[in-house]
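Chemist: I am attaching a structure below and will ask some questions about it afterwards.
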Amino acid sequence: MPPYDVSSSTSTSVTYSPPLSQPLPHHRLADPSRLDPSRLDPSIYSPPRRPRDSSTSLNALRLQDATNSSLRPPSAHRTRKPRIRSSSRRRKPPVWRKLLWVKQSYPDNYTDAATFLDHLQRNPRLQPYEFWQLVGEATVIVQHVAAVAVFACCFVGIYAERASPVAVVGAGSVGTVVGWVIWDGWVGKEEEAAAAAALREAATKKSVVVDGGGGDAAEDGSSTSSGNGELAGNVADAAPRQSLSHSASATSVNSLANGTSHPTGAPSFPAYSYHPPYGDPVSSISPRNQQRLATAKSAVLIYCALLGLSPILKSLTKSTTSDSIWAMSCWLMCINVFFFDYGGSVGAKFPASLSTNAALMASTVLASRLDSTTSVFSLLLFSIEVFGLFPVFRRHLRHVSWQGHVTLTILLVMAASGGVGVTISGGGWTAAVVGMVLGSILTGLSMGICSWWLIGLQKYKNEIYGPWDPARPVIRRRWD
Amino acid sequence: MPYNIAMISDFFFPQPGGVESHIYQLSTKLIDRGHKVIIVTHAYQGRTGVRYLTNGLKVYHVPFFVVYRETTFPTVFSFFPIFRNIVIREQIEIVHGHASLSSLCHEAILHARTMGLRTVFTDHSLFGFADAASILTNKLLKFTLSDVDHVICVSHTCKENTVLRASLDPLMVSVIPNAVVAENFRPLSLPTTTPSDGLTSPSSTHTPVPAPHHLGPNSTITIVVISRLFYNKGTDLLIAAIPRILASHPKVRFIIAGTGPKAIDLEQMIERNVLQDRVELLGPVRHEEVRDVMVRGHIYLHPSLTEAFGTVIVEAASCGLYVVCTRVGGIPEVLPAHMTTFAKPEEDDLVAATGKAIALLRANKIRTEKFHEQVKLMYSWTDVAERTERVYDGISGVLSEEEFYVGFRSGAGWSATRGRAGVQSFALIDRLKRYYGCGIWAGKLFCLCVIVDYLLFVFLELWAPRASIDIARNWPKKVVLHGSAKHEESGSGVARKRSARHREKRRDVETDNF
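Read top to bottom, the protein sequences are chains A and B. Take the first sequence: its letter number 106 is residue 106 in UniProt numbering, and every next letter is one higher. Take the second sequence: its letter number 292 is residue 292 in UniProt numbering, and every next letter is one higher.
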């Protein structure tokens, strides 16, 4: 009585493991090509062909076959396979088919090696990572961790009264203002580009409308240009030059659009679509300046609110021991690092709220450990700058210039590692330099090792797709 | 050889559904074949204790805490005392669990192996591998199925899925499809309780093939959809396709039965497109009424996104409806090509396939009136019971290993986990070996569970010895099967039967306090 190998059925693999005599390496087990009949011992899955050995079973099967053939659905039987049934039954068993409605002469637990799991797909959407690409992406995380480290060092400096709180917040504020000016410039450029694109689109739309409307519209529409064909090109060329005043370009294009569309009866509102969402069109200040004003207003508001709150926050955790505060702020900073929106694009104004809130809460409880109102105010303002505004700038910088991004990363790593060196050793430029060198080496190494590790882990990726997965319905979108 | 079988699942009547009717039909047919079958399920609202169904099918409703959609809370060990009591009382030899989401079934399989019983598991559904819920379910399934004697799946796709999910040897997985009670799904032209439409006048029950009824080019074609209106039943596809089908085919009507979370979307679509007179919403229908709805139509549309077997399309074909369905899961295996038109799960393809089906019907190219007889020959519960019986024979050693595991390799790799021929060993150490392979952490955890289960079993043997548990009387059989000792109690009178049942109920209540 040949024993039956079950050990493979409980092997450690998540995947299908066939009754092979020696176990294969884990990730090769689920390879569908392994089920290829040519690679298998044919006696594993093939139907019985040994009349001497198992005559009883074959008889039983024949009996079953005879009863089944009378049960066969008449029409299907006639259309499908009359030849195989009538002539070649003695020589060759009928082909097994993956159907339930046919009564087949195979046992129920028969496994057809040719078709079993042939629709299995493994890792169909696998994108292999590349080393330098991964290292480049890792800079985002390094930047954030470095920013957190810088903040922590600043706190320790203020707490140990080694650094002046005003100097810290002064440096932070200067950096923030410079960053904001740069950022504002980028946003301005982008809006111009977007406006130009919108203008171009609107102009092509208009020209289509005008072409459909008739020739007389051309004269009305040619207040700025002579022909419909040139209109689009003119507008597109003019848009970059109109960078000084937004409202000016807006009004001119509005009139232009009105001029082209009214004669044909087409509505003119598409031309407004490039309008920035903020801003009052009747105001004398341009929308960009209005936005700047709003920013300044909110900055002043936050400044005043912090100023007013600082004395209250100073005594917020008087009744709590410092140990709890350190532990709590550690956890909150961890939450901040782990839940930070690293993949966020430029459009996301503020990073994930849980992350930011955790960081601000951490800085609040940390600030409440400080003993002067100025320190509390400085640390809070600094934390808002580091955790609220700095990510926006970093994100935009990465979008705008990769070199700037790398430079900022290096600077941040240097600052953070130098700060950590000073904080640990207790002062001195040598400590800072040693910290910088060590920290930079350590950061670089860990970036490389983590990337390499992630690439190495990819071979364990084992996604399985097959006909059992719920289908994704394809539904056409209609805009009615 | 008659067996004493316990069917165990969380899902049973009074809750309606596919698994429930599968268990009931299979049990009934197995009883007809001379076996003794009991069903163990959890207590439903207003239904606890022991019940008898038609044919002497005994149902134990064990009180359990229900968590979600009639699934009991998975406490690994708490079911053991009452399960052991039932098994000893009913002299169970084979424990047959159903449905992979039923924790009662998984627990029962574990305890049954601890008690040294043969176990079979029937999988009725398909699972993916991607989301967290599936990963957890698959791990638990692997736990239970590490030590099971045989697994039954309802379709070949389901078998592939189960083999992958639980890392099973494909030879210990049988494919036995669902079936339909063809008598309950007769087309309108056959003699039924409802009046015939006059095309054929039924005089005897044996009308071989009814005369084909022709559809004129202007006669209305009715498309029937009966499904729960859930996302995975493809209701979104249906909602997108209906207006387009109706726009391109003026003489077409829809009848939609069933309810669910997508019913609102469906109603909105009807109102937005002003199709109230062409789409009839029936709301929920009982399973007995499904036939009466189906025979009102010509085409059955089944836009499901995943389906292990799709009993409803067999029911529709049995009612003489042409079937349009999506090519997903096990559906392509179920019906022959002349009864179905397949579509990809895409809106455009579904519309095209329905158009094709309408054109075929209008051309009178499809002999739908023959479908009923054909389906009757394809699927029957008697056949399912026979095939299930072969599985029971195989796992209890009546069939030799060679006979049961046809074509398995001879003379290679003796394994310690296999004891007697064709039978998995019950020794604890062998069972632990099988569980240990489930994973680095999971394997150890599962071994711990098995050891605790075994200790619990030893404790129960001491605390509530077998000798003190009464053996339940069997339901009297009409035909005594060749002198089998278990089935000799056919002479008991009604009064005695009633009192015996009464006693059992009381005893059940007592054991509930366990």
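Every residue, glycine too, gets a C-beta built ideally from N, C-alpha and C.
If you follow the alpha helix (DSSP H) that B:Val148 is part of, which residue opens it and which one closes it?
Modeler: Segment: none, B:Val148 is in no alpha helix (DSSP H) and carries neither H nor E.
Chemist: Let me see if you follow: with CB-CB separation under 8 angstroms, is A:Arg292 close to chain B or not?
Modeler: no
Chemist: Would you identify the three-state DSSP class for A:Cys154, choosing helix, strand or coil?
Modeler: A:Cys154 falls in the helix class under three-state DSSP.
Chemist: Between the Cα of B:Glu288 and those of B:Asn184, B:Asp169, B:Glu389 and B:Lys142, spot the shortest distance and give me the residue it belongs to.
Modeler: B:Asn184
Chemist: Residues in its own chain within less than 8 angstroms of B:Met115 by CB, not counting five upstream and five downstream?
Modeler: Arg84, Val87 and Phe457
Chemist: Can you have a look at B:Leu136 and say buried or exposed, based on whether 16 or more other CB atoms are within 10 angstroms of its CB?
Modeler: exposed
Chemist: Beta-carbon within less than 6 angstroms of A:Ala362's beta-carbon, same chain only, minus the 5 sequence neighbours each way: which residues are those?
Modeler: Ser329, Leu332 and Met333
Chemist: Between which two residues does the alpha helix (DSSP H) containing A:Val300 stretch?
Modeler: Pro287 to Lys314
Chemist: Between which residues of its own chain and residue 495 of chain A is the CB-CB distance below 6 angstroms, once the five residues before and five after are set aside?
Modeler: As displayed, chain A neither begins before 1 nor continues past 480, which places residue 495 of chain A out of reach and without an answer.
Chemist: Just how far apart, CA to CA, sit B:Lys365 and B:Ser227?
Modeler: 27 angstroms
Chemist: Could you check what DSSP says for B:Gly18 in three-state terms: helix, strand or coil?
Modeler: helix
Chemist: With 8 angstroms as the threshold, decide whether the Cβ of A:Asp469 is near any Cβ in chain B.
Modeler: yes
Chemist: Nearest by alpha-carbon distance to B:Gly216: which of B:Ala363, B:Glu386, B:Leu141 and B:Lys477 is it?
Modeler: B:Ala363
Chemist: Counting only Cβ pairs nearer than 7 angstroms, list the residues of chain B close to A:Thr111.
Modeler: Correct list: Pro170 and Leu171.
Chemist: Starting from B:Met7, follow the beta strand (DSSP E) in both directions and report where the run begins and ends.
Modeler: Asn4 to Ile8
Chemist: For A:Ser425, which residues in the same chain have their Cβ closer than 7 angstroms to its Cβ, ignoring the five residues on either side in sequence?
Modeler: Ala431
Chemist: At a CB-CB cut-off below 8 angstroms, which residues of chain B make contact with A:Arg476?
Modeler: Ala240, Glu347 and Asp348
Chemist: My output table needs one value for B:Ser396: the three-state DSSP class, helix, strand or coil.
Modeler: coil
Chemist: Looking only at DSSP bridge pairs, what is B:Ser174 linked to?
Modeler: B:Ile152
Chemist: Note down, in chain order, all residues in the region 99-126 of chain A with a beta-carbon under 7 angstroms from any beta-carbon belonging to chain B.
Modeler: So the close ones are Leu99, Leu100, Trp101, Pro107, Asp108, Asn109, Tyr110, Thr111, Phe116 and Leu117.
Chemist: Chain B beta carbons: is any one of them nearer than 8 angstroms to that of A:Pro473?
Modeler: yes
Chemist: Name the chain A residues whose beta carbon is nearer than 7 angstroms to that of B:Asp236?
Modeler: Pro473 and Ile475
Chemist: When DSSP builds the beta bridges, which residues end up paired with B:Val225?
Modeler: B:Ile256
Chemist: In chain order, what residues of the same chain lie with their CB nearer than 7 angstroms to the CB of B:Cys438, ignoring the 5 residues before and after it?
Modeler: Lys142, Phe143, Ser146 and Phe446
Chemist: Find out if the Cβ-Cβ distance for the pair A:Pro467, B:Thr162 is shorter than 8 angstroms.
Modeler: no
Chemist: Give me, in chain order, the residues of the same chain whose beta-carbon lies closer than 6 angstroms to that of A:Arg398; leave out the 5 immediate sequence neighbours on both sides.
Modeler: Within the same chain, A:Arg398 has close Cβ partners His405.
Chemist: In terms of residues, what are the limits of the alpha helix (DSSP H) holding B:Arg296?
Modeler: Counting along the chain, B:Arg296 falls outside any alpha helix (DSSP H), and DSSP gives it neither H nor E.
Chemist: Assuming B:Asp349 is part of the alpha helix (DSSP H), what are its boundary residues?
Modeler: Glu347 to Arg362
Chemist: Which residues mark the beginning and the end of the alpha helix (DSSP H) in which A:Leu454 is found?
Modeler: Trp429 to Leu457
Chemist: Can you grab the Cα-Cα spacing for the pair B:Arg434 / B:Leu140, in whole Å?
Modeler: 14 angstroms
Chemist: Can you find a C-beta in chain A that's less than 8 angstroms from the C-beta of B:Met269?
Modeler: no
Chemist: B:Phe127 versus chain A: which residues are under 8 angstroms apart at the beta carbon?
Modeler: Trp468
Chemist: Find the residues of chain A that neighbour B:Pro177, judging by a C-beta separation of less than 9 angstroms, and give them in chain order.
Modeler: Leu100 and Trp101
Chemist: Please list the partners that residue 522 of chain B has in chain A, where partner means a Cβ-to-Cβ separation under 7 angstroms.
Modeler: No statement about residue 522 of chain B is possible, as the shown extent of chain B runs from 1 to 514 and does not include it.
Chemist: Using a threshold of 7 angstroms, is the CB atom of B:Ala353 nearer than that to any non-hydrogen atom of the ligand SAH?
Modeler: The ligand SAH is not part of this structure, which contains no ligands at all.
Chemist: For B:Val334, decide whether its Cβ has a neighbour in chain A, counting only Cβ atoms nearer than 8 angstroms.
Modeler: Output row for B:Val334: interface = yes.
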